[in-house]
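Asker: Top line first, the protein sequences correspond to chains A and B.
Be aware that the first sequence starts at 6, since it is given in this note's numbering, and climbs by one per residue.
Be aware that the second sequence starts at 679, since it is given in this note's numbering, and climbs by one per residue.
C-beta: ideal position from N, C-alpha, C; glycine also.
Everything numeric in this text was worked out from a predicted model, so none of it was measured.
Once you've had a glance at the structure underneath, I'll fire off some questions.
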Amino acid sequence: MKIAQIAGFLGSGKTSLLMKVSKELVNRGHKIAIVVNDVGEINVDARFIESYGLKAKEISGGCICCQIAGSFANTLAILYDTFDPDIVIVEPSGVAIPWGLKRAAEYSEAESNVVIEHAPVITLVDSTRIEMLISAVRRLIETQIREADVALINKIDAASPEDIEKTKEFVKSINPRARIFNASSKTGEGLEKVAEIIESELSPRYDEALEKELLKKEYGA
Amino acid sequence: MKDDHDDLHLELHREADNLGKFAAKISLNAPQGMTKVEAKDLMDTLMVNITDQCLSKGADIIGHVKGFLTSESGTIMASLVDPRIGTDITDDMSSSRFTSAELVVHAIVHGIWDPEVRDATVPVIDKVMKNFGIEYEVLQDYYEKEKSISHHMTEED
Numbered sequence: 006m007k008i009a010q011i012a013g014f015l016g017s018g019k020t021s022l023l024m025k026v027s028k029e030l031v032n033r034g035h036k037i038a039i040v041v042n043d044v045g046e047i048n049v050d051a052r053f054i055e056s057y058g059l060k061a062k063e064i065s066g067g068c069i070c071c072q073i074a075g076s077f078a079n080t081l082a083i084l085y086d087t088f089d090p091d092i093v094i095v096e097p098s099g100v101a102i103p104w105g106l107k108r109a110a111e112y113s114e115a116e117s118n119v120v121i122e123h124a125p126v127i128t129l130v131d132s133t134r135i136e137m138l139i140s141a142v143r144r145l146i147e148t149q150i151r152e153a154d155v156a157l158i159n160k161i162d163a164a165s166p167e168d169i170e171k172t173k174e175f176v177k178s179i180n181p182r183a184r185i186f187n188a189s190s191k192t193g194e195g196l197e198k199v200a201e202i203i204e205s206e207l208s209p210r211y212d213e214a215l216e217k218e219l220l221k222k223e224y225g226a
Numbered sequence: 679m680k681d682d683h684d685d686l687h688l689e690l691h692r693e694a695d696n697l698g699k700f701a702a703k704i705s706l707n708a709p710q711g712m713t714k715v716e717a718k719d720l721m722d723t724l725m726v727n728i729t730d731q732c733l734s735k736g737a738d739i740i741g742h743v744k745g746f747l748t749s750e751s752g753t754i755m756a757s758l759v760d761p762r763i764g765t766d767i768t769d770d771m772s773s774s775r776f777t778s779a780e781l782v783v784h785a786i787v788h789g790i791w792d793p794e795v796r797d798a799t800v801p802v803i804d805k806v807m808k809n810f811g812i813e814y815e816v817l818q819d820y821y822e823k824e825k826s827i828s829h830h831m832t833e834e835d
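Encoded structure:
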């Protein structure tokens, strides 16, 4: 069962992208499940996704990459046992850390016969307010970008060319190995590419040694 | 078992814990009935005014201010992330008038804490509902839960 996480800070456009990409994957013949997480007790996004004709499993009350990793693992195990989707698209909370989510997903293997694979980690970066984000929540944004396989420069329909370029340069400076694409949930730009990546590519499993090495390099931990 | 990774998680979440949150589930009664156009206007007015209040109380970034309205005529979703861009509204609603609905409002912003977000949200809901001639009742106020979630990570974690 492949886990496809669409990461990014609050307001980066995760829900809109997820809905459109999910529909695209369903149209391509995939059996899709959606898991939506919010640190708050109430999740508006799950209601919205369901109003769009998709079924979403909501996990609230904590972040699935760490605080309630067990609930997430349990949800994945149940999804596998009862629905057996090809792909589980996960919208983590806006404060989740991608590698933590990979690790949490792999916990489900202890609860079921499921074997977890990961689609490339896709992190959305809001190009319309990159400067505000860097100034207020820089470290979180950097971590989400650093752990991405693919960075989507999102909302290009509303951003200036200068902001789009600035966002790309920021992403490159944080994670030179990430592939970078422009995207817009409004115009549909980049959505087919995202579906293709989720459908056909894999990202390595969680590697504790690798992450520790990265942490040491970045934070001197 | 804790490791460097967990410590980083904790630190990043604490950074993110500068986010203030408030949510409420509200039942609406529009005695004169409400059209889709009026309901979209209501949602936009709510989102814009809650956002303005949060910013005036010191928020420096809007995570999101979202609303989801469910009625017998269908649903409306509204989301405001950037006041410069305005409210994004989508609907799956027929043109028939409706008199009752349920609304969920969720605000999460950076730079102010849960009590300020609540104080920015509750009076706006009251004022906007009155201006639109809508009777309402707060069915559930998630303040205490949101507050406990925000504060869950203590030094003992």
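If you reduce the DSSP assignment to three classes, tell me which class methionine 679 of chain B lands in.
Answerer: With a pLDDT of 41 at methionine 679 of chain B, under the threshold of 50, the predicted position of this residue should be treated as unreliable, though the coordinate-derived value follows. Residue state, collapsed to three classes: coil.
Asker: How about phenylalanine 746 of chain B: is its C-beta nearer than 8 Å to some C-beta of chain A?
Answerer: By this cut-off, phenylalanine 746 of chain B is an interface position.
Asker: Would you list, in chain order, the members of the segment 181-207 of chain A that have their beta-carbon closer than 8 Å to a beta-carbon of chain B?
Answerer: Those residues of the segment 181-207 of chain A that come within reach of chain B (Cβ to Cβ, closer than 8 Å) do not exist; the list is empty.
Asker: Identify the residues that DSSP records as bridge partners of aspartate 819 of chain B: which are they?
Answerer: For aspartate 819 of chain B, which the question treats as bridged, DSSP gives the partners B:Ala702.
Asker: Do you know how far the Cα of asparagine 79 of chain A is from the Cα of alanine 188 of chain A?
Answerer: When rounded, the distance between both Cα atoms is 32 Å.
Asker: One question on the structure: do asparagine 707 of chain B and glutamate 780 of chain B come within less than 8 Å of each other, judged by their Cβ atoms?
Answerer: Their beta carbons are not under 8 Å apart, which means asparagine 707 of chain B does not touch glutamate 780 of chain B by this criterion.
Asker: Could you give the first and the last residue of the continuous beta strand (DSSP E) run that contains glycine 752 of chain B?
Answerer: It spans 752-758 - the beta strand (DSSP E) in which glycine 752 of chain B sits, taken as one unbroken run.
Asker: Near leucine 697 of chain B, which residues of its chain fall below 8 Å by C-beta distance, leaving aside the five closest residues on each side in sequence?
Answerer: Cβ neighbours of leucine 697 of chain B beyond the five flanking positions: Gly741, Ile786, Val787, His788 and Ser828.
Asker: What is the DSSP secondary structure of isoleucine 812 of chain B, reduced to helix, strand or coil?
Answerer: In this structure, isoleucine 812 of chain B counts as coil in the three-state DSSP scheme.
Asker: Report back the beta-carbon spacing between leucine 30 of chain A and alanine 200 of chain A to the nearest angstrom; my notes put them in contact at under 8 Å.
Answerer: Yes, they are in contact, since the Cβ atoms of leucine 30 of chain A and alanine 200 of chain A sit about 5 Å apart, within 8 Å.
Asker: Please compile the residues from chain A whose C-beta is within a distance smaller than 7 Å of the C-beta of threonine 753 of chain B.
Answerer: Correct list: Ser56.
Asker: Using CA coordinates, which residue listed in B:Asp760, B:Ser774, B:Asp738 and B:Met725 is at the minimum distance from methionine 712 of chain B?
Answerer: Closest option to methionine 712 of chain B, Cα to Cα, is B:Ser774.
Asker: Are leucine 138 of chain A and glycine 195 of chain A touching if we call contact CB-CB under 8 Å?
Answerer: No, they are not a contact pair.
Asker: Quick check on this structure: which residue in A:Lys19, A:Asp131, A:Ile92 and A:Ile73 has the alpha carbon closest to the alpha carbon of valine 119 of chain A?
Answerer: Per the Cα distances, A:Ile92.
Asker: Would the beta-carbon of valine 49 of chain A fall within 8 Å of that of valine 726 of chain B?
Answerer: Contact: no.
Asker: Is the Cβ of valine 119 of chain A closer than 8 Å to any Cβ of chain B?
Answerer: No, its Cβ sits nowhere closer than 8 Å to a Cβ of chain B.
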